[in-house]
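Chains as they are written, first to last, in the working numbering: chain A, 1 to 111; chain B, 1 to 115. To keep things clear, I will list the structure first and then write my remarks on it.
As structure tokens, then:
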């Protein structure tokens, strides 16, 4: 079983739709949590950090549930430019900066 | 530019050949990471350096894979006797120090195809 699990999709949604991605992680000692975005044939880039209290950045909302070991990302009012792969990422205990990635969920926003 | 630079960007190797992939991290960055990303998968951790010290090489898939960072700056990932399953994008990343993931910067990757 992979340490970070995501539904690979693809999720095909119309512009303006709200879409939610989920991910689960197996190591309860995981320390930090993130969503990264990866465009086709490009490197991963940090989208946002994820906290138990939830955090919002414009149309994007991320939430962490430590008890259930579950991370979510909500995108409201989807834009064509949101089309990408969204990677759920955790870091293990200890401060090495090592990242553990999920498989990624592909989003395609259609006009 | 000021970002993480990787070369070559694209490499086609015949099975059995050795390859060397280079990473120039952001100047002054202490930590350097190598990841392997197969098609349709997320990046998988290979190895980590703090300056010239290789602190974690638990992700290297076999003894055909070797990484070095002799002067604590540029790093080279070497793959000996390449096999088809080595075909992947090899991503290098660097960060200023031992901090959480939001300060990790990735290069565009070296795309390796083994034929």
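Built from N, CA and C at the ideal position, the CB exists for glycine as well.
Report the neighbours of residue i on chain B: residues whose CB is nearer than 7 Å to its CB, in chain order.
i: residue 43 (chain A); result: 91, 106, 107, 108 and 109
Could you tell me the alpha carbon to alpha carbon distance between residue i and residue j, rounded to whole angstroms?
i: residue 108 (chain A); j: residue 115 (chain B); result: 31 Å
i: residue 30 (chain A); j: residue 24 (chain A); result: 11 Å
i: residue 81 (chain B); j: residue 17 (chain B); result: 5 Å
i: residue 4 (chain B); j: residue 75 (chain B); result: 11 Å
i: residue 56 (chain B); j: residue 30 (chain B); result: 14 Å
i: residue 47 (chain A); j: residue 64 (chain B); result: 34 Å
i: residue 40 (chain A); j: residue 19 (chain A); result: 20 Å
i: residue 112 (chain B); j: residue 92 (chain B); result: 13 Å
i: residue 15 (chain A); j: residue 111 (chain A); result: 5 Å
Which same chain residues end up closer than 6 Å to residue i when comparing Cβ atoms and leaving out the 5 residues on each side of it in sequence?
i: residue 66 (chain B); result: 78
i: residue 21 (chain A); result: 73, 86 and 105
i: residue 120 (chain B); result: Any answer about residue 120 (chain B) is impossible in this case: the structure gives chain B only from 1 up to 115.
i: residue 22 (chain B); result: 7 and 76
i: residue 10 (chain A); result: 106 and 108
i: residue 69 (chain A); result: 24 and 25
Which chain A residues sit within Cβ distance under 8 Å of residue i?
i: residue 41 (chain B); result: 103 and 104
i: residue 48 (chain B); result: 96, 97 and 98
Apart from the five residues on each side of it in sequence, which residues of its chain come closer than 8 Å, Cβ to Cβ, to residue i?
i: residue 116 (chain A); result: Since the first and last residues shown for chain A are 1 and 111, residue 116 (chain A) lies out of range.
i: residue 52 (chain B); result: 69, 70, 71 and 72
Who are the neighbours of residue i on chain B, taking C-beta pairs under 9 Å?
i: residue 122 (chain A); result: Missing from the structure shown is residue 122 (chain A); chain A here goes from 1 to 111 and no further.
In chain A, which residues lie with their C-beta within 7 Å of the C-beta of residue i?
i: residue 95 (chain B); result: 97
i: residue 31 (chain B); result: 97
Worksheet item: Looking at C-beta atoms only, is the number of pairs between the region 89-104 of chain A and the region 6-16 of chain B that lie closer than 8 Å three or more?
Response: no
Discussion item. Count Cβ pairs between the region 83-90 of chain B and the region 28-42 of chain B that sit closer than 8 Å; are there 3 or more?
Written reply: yes
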